[in-house]
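Peer 1: So the sequences go chain by chain: A and B.
Letter 8 of the first sequence, counting from 1, is numbered 8 in my numbering, and no numbers are missing.
Letter 98 of the second sequence, counting from 1, is numbered 98 in my numbering, and no numbers are missing.
Questions regarding the structure given below will be posed in turn.
There are 2 protein chains.
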Amino acid sequence: MGKKANNPVKSIVTTFNIVQALRRLDGAGVTELATELDLPKSSVYNYLSTLEQEEYVVKRDGKYHLGLRFLDLGRYVRERDELYETARPELESIAAETDELVNLLVEEHGQGVYVCRVRGDQAVNVAASTGHRVSLHNTGLGKAILAYLPEERVDEILDEHGMEAATPHSITDREELKRELDRIREEEVAYDREERIDGLCCVAVPILDPDDRPIGSLSVAGPTSRMKRDRLETRLPELLASAANVIELNLTYS
Amino acid sequence: MGKKANNPVKSIVTTFNIVQALRRLDGAGVTELATELDLPKSSVYNYLSTLEQEEYVVKRDGKYHLGLRFLDLGRYVRERDELYETARPELESIAAETDELVNLLVEEHGQGVYVCRVRGDQAVNVAASTGHRVSLHNTGLGKAILAYLPEERVDEILDEHGMEAATPHSITDREELKRELDRIREEEVAYDREERIDGLCCVAVPILDPDDRPIGSLSVAGPTSRMKRDRLETRLPELLASAANVIELNLTYS
DNA sequence: TTACAGGTTCGTGATTCCTAAACACATGGT
DNA sequence: ACCATGTGTTTAGGAATCACGAACCTGTAA
């Protein structure tokens with residue numbers, strides 16, 4: 001993973017740099033993009049007009065914007081994976097029961113991707129939504145997945161993405177993380193005590209396939225003040241474990 | 001529109017051909033793609049490995065699949081457009097009230113793109129979802145938009161996309177369509193009487209900006225049997241018109 | 001009118017991508 | 001055990017493509 005292609009097609013890299021820049025800048029002009037990406041104007045122009053011709057980009061009031069073709073692709077990649085379809089109703093019922101924020105995370109290229117988030121009535125308002133990517137080592141969801149990956153893979157991922165600290169509580173030592181992963185496998189539940197966001201606490205469980213490989217993870221996240229004692233240590237883990245179980249069953253028999 | 005770029009970047013075209021093929025085939029191997037697209041294996045390989053390196057494609061059990069990076073882009077293009085955010089609650093309330101299928105369409109590159117669909121309890125089960133593209137001339141939603149575009153633009157679109165018939169009821173004569181558009185502007189409501197799908201009838205209204213340019217359209221679709229008389233000719237049009245009005249107001253004052 | 005900023009076009013040289021052919025690796029049949 | 005067949009992957013070289021600077025439009029502000 002993260003390994004380089006031998007004969008990379010440079011234009012692909014440039015293309016997606018432009019696409020991401022259009023996303024980041026929320027639409028942009030030729031010159032703006034050219035300076036942003038440090039490319040000649042005329043190159044950017046050629047890319048943009050090709051993208052427009054292929055209908056992935058739209059020109060509106062003098063600016064280029066990403067087009068709705070991506071809408072279709074986005075929906076496809078989400079619904080392709082059965083996990084989303086199967087898990088969604090469970091997430092909803094957990095959200096209804098706990099009133100907190102419920103998340104579904106999947107691993108891809110050594111990072112975590114939120115595939116689905118459902119907000120309960122009291123859910124914290126943390127700005128991060130579907131498609132958002134996070135590192136695995138400092139989130140409950142991520143650790144739940146790491147705990148069930150082969151150790152070589154875990155090392156590979158840590159080598160590639162490092163172990164940056166997001167808050168003072170983040171784990172930054174590899175051995176400490178390994179011990180934490182052992183604990184998670186033993187207790188079958190992962191915690192995130194303000195490791196990624198100050199004041200935010202979360203309980204997570206993995207979703208495993210029949211061979212015990214992790215295909216995703218499920219969590220409830222809330223403010224530290226509401227995540228304590230019995231609720232944190234017993235009720236939520238049980239609720240999540242049973243949901244994960246239902247999902248696993250539905251996935252294997254479908 | 002549809003006009004060709006002068007110095008098109010060929011690799012972009014190939015790239016997105018591959019992306020679309022991966023979507024169509026729901027994941028594929030190198031050889032499969034190579035024959036499908038009539039390209040040398042090694043070229044396809046170079047593209048795929050670059051796309052993988054950039055994390056837009058994932059290799060799983062020997063097949064290449066589109067990755068979750070597209071999820072993020074999809075969500076972005078949808079939410080960028082204020083129309084979606086503003087219209088969604090209205091669609092939901094119409095769906096609750098009518099129990100039918102409610103749609104929001106936007107024009108892009110001379111085609112219609114479904115941006116949002118909400119199913120009421122009795123909604124027909126027509127397989128077409130968010131991101132789906134349709135031609136404008138044979139749908140109620142499309143005609144509602146065409147009616148408010150400048151005539152030159154209408155001709156441009158028809159020149160480019162033609163007027164293929166989807167059912168025996170589709171309008172295939174340009175003059176007839178123009179008369180229909182006149183009628184729509186006059187009555188401020190568009191109908192689709194089995195023009196796109198047999199047995200399916202739909203009522204649509206445009207959503208206009210302050211300069212009366214169409215930014216989208218709104219419809220209720222149901223089986224012909226339930227779309228008759230008073231409901232079809234008065235109740236639904238009024239419901240839609242008032243929803244469109246609310247949306248227009250919210251859009252201009254935000 | 002001029003100046004300016006942005007978009008668009010053009011032409012050229014060098015890089016990059018395309019391609020065929022060979023290699024590696026797995027699978028299954030005989 | 002062997003070969004046949006089907007993958008994915010690597011390699012190397014020539015040809016086409018893209019990268020790039022400069023010139024050209026087109027609109028807007030001064």
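The beta carbon of each residue, even a glycine, is placed where N, CA and C say it ideally should be.
All figures in this text were calculated on a predicted structure; none of them were measured in a lab.
1) Would you mind stating whether GLY142 (chain B) and GLY112 (chain B) have Cβ atoms separated by less than 8 Å?
2) Do you know whose CA, among A:LEU22, A:SER242 and A:ARG69, lies nearest LYS63 (chain A)'s CA?
3) State the beta-bridge partners of ASP192 (chain A) as determined by DSSP.
4) Since I believe ASP198 (chain B) is in contact with THR172 (chain B) (beta carbons under 8 Å), could you give me their beta-carbon distance rounded to a whole number of angstroms?
5) 8 Å is my cut-off, CB to CB: does VAL9 (chain B) come that close to chain A?
6) Give the DSSP-derived three-state secondary structure of GLN111 (chain B) in the structure shown.
7) CB GLY222 (chain A) to CB ALA190 (chain A), shorter than 8 Å?
8) Here's the rule I'm using: 16 or more other beta-carbon atoms within 10 Å means buried, otherwise exposed. How should ASP211 (chain B) be labelled?
9) With 7 Å as the C-beta to C-beta threshold (strictly closer), list the residues of the stretch 139-170 of chain B near chain A in chain order.
10) Measure the Cβ-Cβ separation of VAL106 (chain A) and LEU218 (chain B) and say whether it is below 8 Å.
11) For the stretch 77-107 of chain A, which residues have a beta carbon sitting closer than 8 Å to at least one beta carbon of chain B?
12) How far does the beta strand (DSSP E) with ARG60 (chain B) in it reach, from first residue to last?
13) Name, going along the chain, the residues of the stretch 47-64 of chain A whose beta-carbon falls closer than 8 Å to a beta-carbon of chain B.
14) For ILE79 (chain A), I'd like the list of residues in its chain whose CB is within less than 8 Å of its CB, leaving aside the five on either flank, ordered along the chain.
15) Output, in chain order, the set of chain A residues within a Cβ distance shorter than 9 Å of ARG255 (chain B).
16) Within a Cβ cutoff of 8 Å, which residues of the same chain sit near LEU181 (chain B), ignoring the five residues on either side of it in sequence?
17) Checking contacts by CB at 8 Å: is HIS137 (chain B) closer than that to chain A?
18) So, helix, strand or coil for LEU39 (chain A), using DSSP?
19) Go ahead and pull the three-state DSSP assignment for GLY74 (chain B).
20) Between GLN124 (chain A) and the rest of its own chain, which residues show a CB-CB distance below 8 Å, the 5 nearest in sequence each way excluded?
21) Which residues mark the beginning and the end of the alpha helix (DSSP H) in which ALA243 (chain B) is found?
22) Give, in chain order, every residue of the stretch 215-237 of chain B whose Cβ lies closer than 8 Å to some Cβ of chain A.
23) When the Cβ atoms of the stretch 47-60 of chain B are set against those of the stretch 7-15 of chain A, are three or more pairs found closer than 8 Å?
24) Under a three-way DSSP split, which group does VAL178 (chain B) fall into?
25) Quick one: is LEU31 (chain B) near chain A, going by C-beta distance under 8 Å?
26) By the 8 Å beta-carbon criterion, what residues does the stretch 13-26 of chain B contribute toward chain A?
27) State buried or exposed for ASP72 (chain B), treating a residue as buried only when at least 16 other CB atoms are found within 10 Å of its CB.
28) Note down the Cα distance separating GLN122 (chain B) from PRO150 (chain A), rounded to an integer number of angstroms.
29) May I ask you to report which of helix, strand or coil DSSP gives VAL126 (chain B)?
30) When DSSP labels each residue in this structure, what does LYS228 (chain A) get in the three-state scheme?
31) Is there at least one Cβ from chain B nearer than 8 Å to ALA5 (chain A)'s Cβ?
32) So if DSSP puts LYS63 (chain A) in a beta bridge, which residue, or which two residues, is it bridged to?
33) Give me the subset of the stretch 182-215 of chain B whose CB atoms are less than 8 Å from a CB atom of chain A, sorted by chain position.
34) Specify, as a first and last residue, the run of the beta strand (DSSP E) that ALA221 (chain A) falls within.
35) Under the rule that 16 or more other beta-carbon atoms within 10 Å means buried, what is GLY162 (chain B), buried or exposed?
36) Do GLU152 (chain B) and VAL118 (chain B) have their C-beta atoms within less than 8 Å of each other?
Peer 2: Let me spell this out:
1) yes
2) A:LEU22
3) A:CYS202
4) Not quite, the Cβ-Cβ distance comes to about 16 Å (not below 8 Å), so this is no contact.
5) yes
6) strand
7) no
8) exposed
9) none
10) no
11) VAL77, ARG78, ARG80 and VAL106
12) 57-60
13) TYR47, SER49, THR50, LEU51, GLU52, GLN53, GLU54, GLU55, TYR56 and VAL58
14) The question names Ile, but residue 79 (chain A) is Glu in the sequence shown. Cβ within range, chain order: GLU85.
15) Residue 255 (chain B) is absent from the model: chain B starts at 1 and stops at 254.
16) LYS143, LEU146, ALA147 and VAL154
17) no
18) coil
19) helix
20) Note on identity: in this sequence residue 124 (chain A) is Val, with Gln being the wrong assignment. The residues are GLU100, LEU101, LEU200, ALA221, GLY222 and PRO223.
21) 236-252
22) none
23) yes
24) The residue you asked about is not Val; residue 178 (chain B) is Lys in the sequence shown. If DSSP states are grouped into helix, strand and coil, LYS178 (chain B) belongs with the helices.
25) Reading the sequence as shown, one finds Thr at residue 31 (chain B) and not Leu. Closer than 8 Å: no.
26) VAL13, THR15, PHE16, VAL19, ARG23 and ASP26
27) buried
28) 48 Å
29) coil
30) coil
31) yes
32) A:ARG60
33) none
34) 214-223
35) exposed
36) no
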